[in-house]
Amino acid sequence: PLGVDTNEGGVSAITDWNLGFATLTSVSAWRFWNWDAENDRDYTGLPVQLSQHIPSRQDQYSQELRLASNGTGPISWVAGLYGFRQKLVGRPISIYGPAAARYLIGTTTGAANTPVPSNLLDGYGQDGRTDFRSLSYAAFGEVNWRIVPTVTATVGLRYTQEDKDGYYTTTVSGGPVTTSTALINARLGVLRPQSYEAHDSDGSLSGRGNIAWQATDNTMAYASYARGFKSGGINMSGLPLDNSNRPVLATAVVRPERNETYEIGIKNTLFDRRLIFNLDGFYTKVRDFQATVVENSLTQTVQLRGYLSNIPEVTVKGIEADITAIILPGLSTRTSFAYSDGEYSNYPAGPCPLEV
């Protein structure tokens, strides 16, 4: 029956050990998620696609060891190690119905102009297997230094290594028996078997630096720089095809994102804290931004849905402000303002906006 059945759970344990000069903290966790969805994915009342069934199970384990300094001196610090393991397995199944051929192929095939039986796709479908595994580990540290009573500097670094492996395979079966090459090709243009494996390994150093100046009791200014990292991935729902109807393996792996952000700002509390005013400006540049693209393959009757890929560069800049005023005891108001300007460097295969 159509519907969704999901259940999830997990357990975690946190242990603290005071060593005097520092506190050692251990955070251990395990979570699972079972998801079994069966839907009518043609979004009509007609028997185009009878069912799409996507059962999957995810298990993940994580362990963190963190050592944080004790005391109230001018320097405080934290350092640690982190590990994460994930396994995700699924079995995507889809079945087409008696109205599918008219909607997805038409009354005749392409160049051969062969008449298409109205039931050509009735009972035709695919059965797949997916297996994705990820291993991530990291070392990190951060130091806060109160240089003088009014100036504090923060520096943090993190090195992350991620390894991912994915396996995807689908077979097709069902539908009326036919010996016509044109009709067989037309049916394969709707669903075609695929099988591929992919591996991705990424390592990156990320971090941040911040300096804050308490100019007065009511005014604090700051400036910061941060470098971030979003690991790459593997497309696990099929790939676009080349002219020989083979999966384009170069699109299986998504490269990692790397970004840099600059920010300056000021925070004010005025009139005995009855007025709070904050203002900041930022500039972010992202390389290899991960986004959905659409492949217009001429070998498929039904175009492959979007898959994840990379855009060379995205830049975003803007300003933000907020004001909080206490008008009367028990009565306050808050106003916020934000302006941002984002730009893709090159995105020709992007999906159409929803407004189009």
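Just so you know, my numbering puts 169 at position 169 of the sequence shown, and the rest follows in order with no gaps.
Virtual Cβ for every residue (Gly too), placed ideally from N, Cα, C.
All values reported here derive from a predicted model rather than from experimental measurement.
Start and end of the alpha helix (DSSP H) containing isoleucine 184? 181 to 188
Determine contact between the region 35 to 46 and the region 72 to 87, defined as no fewer than three beta-carbon pairs at a distance below 8 Å. no
Identify, in the order they occur along the chain, each residue of the same chain with its Cβ nearer than 6 Å to the Cβ of serine 201, setting aside the five sequence neighbours on each side. Asp163
Are the region 170 to 190 and the region 96 to 109 in contact at 8 Å, needing three or more beta carbon pairs? yes
Need the endpoints of the beta strand (DSSP E) that arginine 102 sits in, please. It is not in any beta strand (DSSP E) - arginine 102 instead sits in the alpha helix (DSSP H) that spans 100 to 104.
Confirm, please, whether the CB-CB distance from isoleucine 75 to valine 151 is below 8 Å. no
Apply the 10 Å Cβ neighbour rule to alanine 101 and answer buried if 16 or more other Cβ atoms are within range, or exposed otherwise. buried
May I ask you to list the residues that DSSP assigns as paired with asparagine 113? None; asparagine 113 has no bridge partner.
Since glutamine 126 and tyrosine 168 are thought to touch, with beta carbons under 8 Å apart, how far apart are those beta carbons, to the nearest angstrom? That belief does not hold up - the Cβ atoms of glutamine 126 and tyrosine 168 are roughly 12 Å apart, past 8 Å.
Between asparagine 278 and chain C, is the shortest Cβ-Cβ distance under 8 Å, so that the two count as touching? The structure shown contains no chain C; it holds only a single protein chain.
Are leucine 239 and tyrosine 196 closer than 8 Å when you measure CB to CB? yes
Can you give the beta carbon distance from phenylalanine 282 to tyrosine 262, rounded, assuming they're within the 8 Å contact cut? 7 Å
Using C-beta distances below 6 Å, list every residue in its chain close to valine 172, excluding the 5 sequence neighbours before and after it, in chain order. Gln126, Leu191 and Pro193
Neighbourhood of alanine 215 by C-beta, 8 Å cutoff - its chain only, sequence neighbours within 5 removed: Thr150 and Ala221
Around the Cβ of threonine 179, are there at least 16 other Cβ atoms within 10 angstroms (buried) or fewer (exposed)? exposed
Measure the alpha-carbon distance for leucine 308 versus glycine 20 and round it to whole angstroms. 49 Å
With DSSP as the reference, label isoleucine 50 as helix, strand or coil. The residue asked about is misnamed: residue 50 is leucine in this sequence, not isoleucine. Strand.
Looking at the secondary structure, which residues open and close the beta strand (DSSP E) in which methionine 220 lies? 219 to 230
Exposure of proline 329, with buried meaning 16 or more beta-carbon neighbours within 10 Å: exposed
Using three-state DSSP, classify leucine 249 as helix, strand or coil. helix
Since aspartate 122 is in the beta strand (DSSP E), which residue starts that stretch and which ends it? Element bounds for aspartate 122: n/a, residue is neither H nor E.
Assign asparagine 243 to buried or exposed, taking buried as 16 or more other Cβ atoms, counted over all protein chains shown, within 10 Å of its Cβ. exposed
Fully enclosed by the region 14 to 53, which beta strand (DSSP E) runs are 3 residues long or longer? 22 to 39 and 49 to 53
Candidates Gly97, Ala250 and Ser231: which alpha carbon is nearest threonine 160's? Ser231
Starting from the Cα of arginine 204, find the closest Cα among Val316, Thr114, Leu81 and Gly228 and give me that residue. The amino acid at residue 204 is misidentified as arginine; the sequence shows serine. Of the listed residues, the one whose Cα sits closest to serine 204 is Gly228.
For the beta strand (DSSP E) holding proline 312, just list the boundary residues, first then last. 307 to 328
So, using beta-carbon positions, are glycine 10 and tryptophan 30 closer together than 8 Å? yes
Serine 12 (DSSP reduced to helix, strand or coil): strand
Just to check my reading of the structure: leucine 279 and glycine 265 have Cβ atoms closer than 8 Å, yes? What is that Cβ distance to the nearest angstrom? 6 Å
Could you please give me the residues that DSSP links to tyrosine 159 through a beta bridge? Ala139 and Leu205
Whole-angstrom distance between proline 312 and proline 115, CA atom to CA atom: 45 Å
Beta-ladder partner(s) of isoleucine 264, from DSSP: Ala223 and Gly281
Residue range of the beta strand (DSSP E) that arginine 334 falls in? 331 to 344
Residues near glutamate 8 by beta carbon distance below 6 Å, same chain, minus five either side: Trp33
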